[in-house]
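Engineer: Below you will find the structure I want to go over with you.
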Amino acid sequence: MTGSNSDSYSSFHRPAAVAGSFYPAQPLTLDSEITAMLARVEPRAVPAHPPKALIVPHAGYIYSGPIAASAYACLSALRPDIRKVVLLGPAHRIAVRGLALPQASAFDTPLGSIPVDAELARRALECPQVQRNEAAHALEHALEVQLPFLQHLLDDFTLLPLVVGMASAQEVAEVLDLVWGGAETLILISSDLSHYRPYAEAQQLDQDTAAQIAALQPLGSHEQACGATPINGLLLCAQRRGLQARLLDLRNSGDTAGDRSRVVGYAAFAFTEPAS
85 MTGSNSDSYS
95 SFHRPAAVAG
105 SFYPAQPLTL
115 DSEITAMLAR
125 VEPRAVPAHP
135 PKALIVPHAG
145 YIYSGPIAAS
155 AYACLSALRP
165 DIRKVVLLGP
175 AHRIAVRGLA
185 LPQASAFDTP
195 LGSIPVDAEL
205 ARRALECPQV
215 QRNEAAHALE
225 HALEVQLPFL
235 QHLLDDFTLL
245 PLVVGMASAQ
255 EVAEVLDLVW
265 GGAETLILIS
275 SDLSHYRPYA
285 EAQQLDQDTA
295 AQIAALQPLG
305 SHEQACGATP
315 INGLLLCAQR
325 RGLQARLLDL
335 RNSGDTAGDR
345 SRVVGYAAFA
355 FTEPAS
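So, in structure tokens, the structure goes:
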């Protein structure tokens, strides 16, 4: 389906594309696996103040699930509060100009359906860099793997899913500002860190990248993080709004899945707003 900036959308659901490969396809198994990962998060790792935004990794759960759980554990006390999730991640499957909204009206996972927020989509489409593009979403795993965690932890909520392609950090920040909302809205950025480097080299590079993010300094390369563009858009918003970033977890696939010859880095961050 070609891109379009029309604010109309279809009533079909985007089916799960990576259930059974990136995460379990059976609902009970999936829910049990998420419960177990969350239970292993150290309580001291959870920030005292509720997060406005999170950065989470997006590989198969065997690789990055425990690190993602470190971020999602922050939402355990926010079940009744969060009603909208704005989810951004990089395009892996097709080339995308700007930011892509789906045509679908809902996203399905083995745990059920999540409606796309029509009002937030309308606001996002006020920006010329945002278009509807179902092809960008059809097989994209970076957004999908976040959804079961959200369904496990939150009550009824709507979703604004955006695949980020060739765009500037300023263009991403402009969209985030339009849909920022209040305590009812969570901003979620999906990104892994370095890719396919030896273990020790990846550790050093990812530590440097994590320090930049924690200091709200924009990343200079997608070699640091595949989601560098949406991360940088969030960092611009965080700078302007006085948010503080906290590193919750930093590991790689060599820590979680054993093979240390060529690893992928994963980090979890929470961004909190200044106390009023």
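Residue numbers for the sequence shown follow my numbering, beginning at 85 and rising by one.
Backbone N, C-alpha and C fix where the C-beta goes; we use that ideal spot for every residue, glycine too.
Excluding the 5 residues preceding and the 5 following residue 119 in the sequence, name in chain order all residues of the same chain whose CB lies nearer than 6 angstroms to its CB.
Structural biologist: Excluding positions up to five away in sequence, the list is empty.
Engineer: Less than 7 angstroms separating the beta-carbons of residue 145 and residue 337?
Structural biologist: Taking 7 angstroms as the Cβ cut-off, residue 145 and residue 337 do not qualify as a contacting pair.
Engineer: Could you check whether the region 207–218 touches the region 277–287, counting it as contact only if at least three pairs of C-beta atoms, one from each stretch, sit closer than 8 angstroms?
Structural biologist: In short, these stretches do not touch, since the Cβ pair count stays below three.
Engineer: Any idea what DSSP makes of residue 317, helix, strand or coil?
Structural biologist: Three-state result, residue 317: helix.
Engineer: Tell me, which residues are paired with residue 190 by DSSP?
Structural biologist: Answer is 97 and 199.
Engineer: Specify the secondary structure class of residue 324 as computed by DSSP and reduced to three states.
Structural biologist: Residue state, collapsed to three classes: helix.
Engineer: Can you grab the Cα-Cα spacing for the pair residue 169 / residue 262, in whole Å?
Structural biologist: Roughly 13 angstroms between the two C-alpha positions.
Engineer: Excluding the five sequence neighbours on either side, which residues of its own chain have a C-beta within less than 8 angstroms of the C-beta of residue 356, listed in chain order?
Structural biologist: Correct list, in chain order: 131, 133, 134, 135, 136, 327, 328 and 330.
Engineer: Using only the alpha-carbon positions, how far apart do residue 139 and residue 298 sit?
Structural biologist: Cα to Cα, the separation comes out at about 11 angstroms.
Engineer: Since residue 345 is in the beta strand (DSSP E), which residue starts that stretch and which ends it?
Structural biologist: Neither: residue 345 is in no beta strand (DSSP E) and is coded neither H nor E.
Engineer: Closest by CA to residue 127, which one among 116, 143 and 159?
Structural biologist: Closest by alpha carbon: 159.
Engineer: Comparing alpha-carbon positions, which option in 143, 163, 166 and 255 lies nearest residue 347?
Structural biologist: The candidate whose alpha carbon is nearest that of residue 347 is 143.
Engineer: With respect to the beta strand (DSSP E) encompassing residue 270, which residues constitute its N-terminal and C-terminal limits?
Structural biologist: It spans 269–274 - the beta strand (DSSP E) in which residue 270 sits, taken as one unbroken run.
Engineer: With residue 62 and residue 254 assumed to form a contact (beta carbons below 8 angstroms), what rounded beta-carbon distance in angstroms separates them?
Structural biologist: In this structure the chain extends from 85 to 360, so residue 62 is not present and cannot be described.
Engineer: Measuring straight from C-alpha to C-alpha, what distance separates residue 269 and residue 349?
Structural biologist: About 28 angstroms.
Engineer: Excluding the 5 residues preceding and the 5 following residue 312 in the sequence, name in chain order all residues of the same chain whose CB lies nearer than 6 angstroms to its CB.
Structural biologist: Hits under 6 angstroms: 303 and 306.
Engineer: Alpha carbon to alpha carbon, what distance is there between residue 223 and residue 229?
Structural biologist: In a straight line, the C-alpha of residue 229 is about 11 angstroms away from that of residue 223.
Engineer: Exposed or buried, which one is residue 163 when buried takes at least 16 other CB atoms within 10 Å?
Structural biologist: Answer is exposed; the Cβ neighbour count stays below 16.
Engineer: Counting only the same chain and skipping the five closest in sequence on each side, list residues whose C-beta sits under 7 angstroms from that of residue 117.
Structural biologist: So the list reads 108 and 145, once near-sequence residues are dropped.
Engineer: How many Å lie between residue 182 and residue 252 at the Cα?
Structural biologist: Using only the alpha carbons, I get a separation of about 8 angstroms.
Engineer: Would residue 235 and residue 195 be called neighbours here (beta carbons separated by less than 7 angstroms)?
Structural biologist: Their beta carbons are under 7 angstroms apart, which means residue 235 touches residue 195 by this criterion.
Engineer: Run through the region 135–189 for me and flag every whole beta strand (DSSP E) of 3 or more residues, listed as ranges in chain order.
Structural biologist: 137–140, 168–174 and 183–185, all fully within the region 135–189.
Engineer: Within the continuous beta strand (DSSP E) that includes residue 279, where are the two ends?
Structural biologist: 279–281 is the span of the beta strand (DSSP E), which, as asked, contains residue 279.
Engineer: Between the alpha carbons of residue 250 and residue 179, how many angstroms are there, rounded?
Structural biologist: One C-alpha to the other measures close to 8 angstroms.
Engineer: In the DSSP assignment, what residue or residues form a beta bridge with residue 356?
Structural biologist: Bridge partners of residue 356: 328.
Engineer: Taking only three categories from DSSP, how would you classify residue 338?
Structural biologist: Residue 338: helix per DSSP, three-state reduction.
Engineer: What's the gap between the Cα of residue 247 and the Cα of residue 260?
Structural biologist: Looking at the two C-alpha atoms, the distance is approximately 13 angstroms.
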